[in-house]
Every structure is written in structure tokens, then in C-alpha cells.
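Only one structure is covered here, and it is reproduced in the block below.
Residue numbers (my numbering): 82 to 249.
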């Protein structure tokens with residue numbers, strides 16, 4: 082975990098106020114051995130699910146901090162929103178379609194490694210809105226959902242540009 086996509090902030094730099102504050106929000110999650118297995122799964126072309134989760138967490142943290150919302154819950158939920166350990170292209174889930182099932186599975190996995198508050202639970206469960214019909218209940222959960230789409234788009238475009246040679 083060095084940077085979120087598009088960011089110049091080294092998240093390992095303990096001299097940087099934002100990096101230090103972000104890490105304080107997520108430290109018990111980002112070091113969990115089960116959570117770190119996300120580095121073995123890829124989405125949005127070639128972005129690891131771990132990197133994607135860091136991207137969503139960091140930008141959710143920044144936006145919520147700017148709007149004076151619960152940025153800690155947003156960072157934690159952003160990190161945990163895709164905490165499922167399977168390749169959805171190859172494995173079907175008993176919970177149903179991937180767009181709905183993975184949020185349920187992510188919430189279940191998250192609850193195994195940390196205590197979650199109501200904002201974090203709602204953000205994880207509803208981050209696929211509007212693909213799932215029930216919208217997020219809290220502003221922080223809406224922001225996590227929006228940052229998920231923003232980061233997925235940025236990751237896809239960056240990986241596409243790298244593949245086509247537009248950027249290195």
C-alpha cells in the first residue's frame with residue numbers, strides 16, 4: 082500500500098499528516114492476514130482488489146473529511162466493501178448474482194475481523210447502488226458507493242491506457 086490511484090500521497094509516509102490519519106483509521110484492517118489475501122484477486126483489468134479497496138477507502142476518507150462527515154467509518158467501509166475471496170467470473174455464490182452477493186459476503190467477512198458500526202455496515206452492503214435497488218442510508222455510505230464507481234473507472238482507464246501504450 083503505497084498510494085491510491087492518482088494520488089501523490091505516499092500512504093506509508095508517517096511524516097505526512099493525511100497518510101498518518103488515514104492509517105490510524107484503518108490500521109487494524111490493513112494488517113489483517115485474511116484481508117491482505119485480496120492482493121491475489123484482480124478486477125478492472127489488472128488492479129488487485131486490495132489496491133482497489135485502498136483507492137476507495139482513501140478517496141472516501143478525503144471526501145468525508147472535506148464535508149466534515151465520519152471519515153473514519155468511510156475509510157473502513159471503503160477498505161472492506163469488496164472483502165470477498167473468490168473470482169466472481171469463475172465461482173457462483175449461493176447468495177445470488179455477484180452484484181448483490183459480494184456485498185453480503187464482504188459484510189460477513191468484515192464482521193469476522195473487526196467490529197462494524199451502522200454506517201460501515203450500510204456502506205458495505207449498499208455500495209453497489211444503483212445496481213441494487215436499495216440506496217445507502219447515510220451520506221458516508223453514498224460517498225463510498227460513489228468513490229467505488231470513480232475508482233473503478235479510473236483503474237479501468239489507467240489499465241486500458243497502459244495496455245494500449247498511451248501511458249507507461
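Positions of the beta carbon are idealized from the N, C-alpha and C atoms, including for glycine.
Between residue 221 and residue 204, the C-beta gap is smaller than 8 Å, which places the two residues in contact. Minimum Cα-Cα distance from residue 108 among the listed residues 234, 162, 124 and 135 corresponds to 135. By the beta-carbon neighbour count (other beta carbons within 10 angstroms, threshold 16), residue 133 is buried.
In the DSSP assignment, the residues bridged to residue 123 are 129. Judged by their CB atoms, residue 236 and residue 128 are nearer to each other than the 8 Å cut-off.
With 16 or more other Cβ atoms from the protein chains shown falling within 10 Å of its own Cβ, residue 141 counts as buried.
By the neighbour-count criterion, in which 16 or more other beta carbons inside 10 Å mark a residue as buried, residue 131 falls on the buried side. Between residue 206 and residue 184, the CB-CB gap stays under 8 Å. Boundaries for residue 215: no alpha helix (DSSP H) harbours it, and the DSSP string shows neither H nor E there. Here residue 153 is buried, its C-beta having at least 16 other C-beta atoms within 10 Å. Taking each of 241, 211, 238 and 147 in turn and checking the Cα distance to residue 227, the smallest one comes out for 211. Pairing residue 157 with residue 106 gives a Cβ-Cβ distance under 8 Å. Scanning 198, 138 and 246 for the CA closest to the CA of residue 102 turns up 138. Bounds of any alpha helix (DSSP H) do not take in residue 87, whose DSSP letter is neither H nor E. Between residue 110 and residue 166, the C-beta gap is not smaller than 8 Å, which leaves the two residues out of contact.
Counting every other CB atom within 10 Å of its CB across the protein chains shown gives residue 159 a total of 16 or more, marking it as buried.
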